[in-house]
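Novice: Residue 1 is where the sequence shown starts when you use full-length UniProt numbering, and the numbers rise one by one after that.
Just so you know, even glycine gets a beta-carbon here, dropped at the ideal spot from N, CA and C.
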Amino acid sequence: MPGMTRNLESSVVADQRADGRPSVRGLLVLIVVGWLLFNAGTTIGRFTGPDYSETTDRGVGTVEKCERRGPITLFDGVGYFDACYLWVEWDRNASERILVDDPGFFQGEKPGDTVRIGYGVSRPEVSHWSTLDLLMYCFCGIGALLAGLGLLRLGTRLKQSLLA
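Laid out in structure tokens, this is it:
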């Protein structure tokens, strides 16, 4: 547009130095965006679970003790989730005490509550959604790729500046 000038220095896309190397700020933005996408993917993964029909053994678990984890975790997404110890009486195997710390597995159960459980840690109440799995893998993959590229470029840039 006539009379208007664009300041390319403030644009993240054009955030490069005169020598063609991306700025540290641009690389940090890339790393943070990648991390956020990865955590969005792992958060989406909480709404789907392993297919209950494919479990090798089933049983009933009694919740013994729970602890709340979150709000932000490294590989389990964003938000709170419960990690609980269960005493499980399997249909075909011996009873055992297990820790289930999979995000999205518990839905507010308290000590003394019982849950149906499948070996491999699945529940019939948490359905398997292939679409959510695909979305989760896309977000995690793109996020990890962006963060990895940002870290690689940042490392190369720091190495070059130290050698110069």
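(1) Helix, strand or coil for ASP82? Go by DSSP, reduced to three states.
(2) Is ASP82 buried or exposed, if buried means 16 or more other CB atoms sit within 10 Å of its CB?
(3) Within a Cβ cutoff of 8 Å, which residues of the same chain sit near CYS138, ignoring the five residues on either side of it in sequence?
(4) Could you tell me how far apart the beta carbons of LEU146 and LEU37 are, in whole angstroms, since I believe they sit closer than 8 Å?
(5) Since ARG25 is in the alpha helix (DSSP H), which residue starts that stretch and which ends it?
(6) Between VAL88 and ILE117, which are expected to be in contact by the criterion C-beta below 8 Å, what is the C-beta distance as a whole number of angstroms?
(7) Beta-carbon within less than 8 Å of GLY108's beta-carbon, same chain only, minus the 5 sequence neighbours each way: which residues are those?
(8) On the three-state DSSP scale, how would you describe ARG123?
(9) Measuring straight from C-alpha to C-alpha, what distance separates THR62 and LEU86?
(10) Check whether the Cβ atoms of GLY143 and TRP35 sit closer than 8 Å, and answer yes or no.
(11) Where VAL33 and ASN93 are concerned, what is the direct C-alpha to C-alpha distance, given to the nearest angstrom?
(12) Mind checking whether PHE31 and GLY150 have CB atoms under 8 Å apart?
(13) For the beta strand (DSSP E) holding GLY59, just list the boundary residues, first then last.
Specialist: On the basis of the coordinates in this document:
(1) strand
(2) buried
(3) GLY41
(4) 7 Å
(5) 24 to 44
(6) 6 Å
(7) ASP82
(8) For ARG123, the predicted model reports a pLDDT of 49, less than 50, meaning its position is unreliable; a value from the coordinates is still stated below. Three-state DSSP puts ARG123 in coil, outside helix and strand.
(9) 5 Å
(10) yes
(11) 46 Å
(12) The question names Phe, but residue 31 is Ile in the sequence shown. Yes, they are a contact pair.
(13) 58 to 69
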